[in-house]
Structures are given as structure tokens and as C-alpha cells.
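Numbering (my numbering), first residue to last: 6 to 57.
Have a look at this one:
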């Protein structure tokens, strides 16, 4: 992770992740959230995973 992202430069930003409930998308969601972003996760059929 770059130094700028570690400094929470995404605070107050909203990120839309399509396919963010499983695998790579879920990992991306976790990293962006750790950097301060608020997330909107779009999923087709992974309701339980999206809630996690």
C-alpha cells in the first residue's frame, strides 16, 4: 500500500465496488475501507458475503 493511502487520503470519499462481496473484490473493499473510504458494494447473489 502506498504511503499516501496509509495516511487515510480516502476519508470522506465514497467508493462503489462492483463484485465486492467475494474474493478479490472483498479484499479490495477491506483495503479501501482501511484507507478511510466509505463503501457501496454491488453484488448479484452474494448477500451473506456482502453483509460480512
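Cβ coordinates follow ideal geometry from the N, Cα and C atoms, glycine included.
Computed from a predicted structure; not experimentally measured.
Report task. Under 6 Å Cβ to Cβ from residue 41, same chain only, skipping five residues before and after it: list those, please. Result -> The sequence position of residue 41 within the chain shown is 36, counting from 1. The residues are 13, 15 and 16.
Query - Same chain only: Cβ atoms within 7 Å of residue 30, ignoring 5 sequence neighbours per side - result: On the chain shown, position 25 is the one that residue 30 refers to. Closer than 7 Å at the Cβ level, and outside the excluded window around residue 30, lie 22 and 24.
Report task. Give the single residue among 39, 18 and 26 whose Cα lies nearest to the Cα of residue 50. Result -> In the chain shown, counting from the first residue as 1, residue 50 sits at position 45. Of 39, 18 and 26, the residue nearest in Cα terms is 26.
**Report entry** Alpha-carbon spacing of residue 38 relative to residue 47, whole angstroms
**Finding:** Your numbering for residue 38 matches position 33 in the chain shown. Your numbering for residue 47 matches position 42 in the chain shown. Computed Cα separation, rounded: 15 Å.
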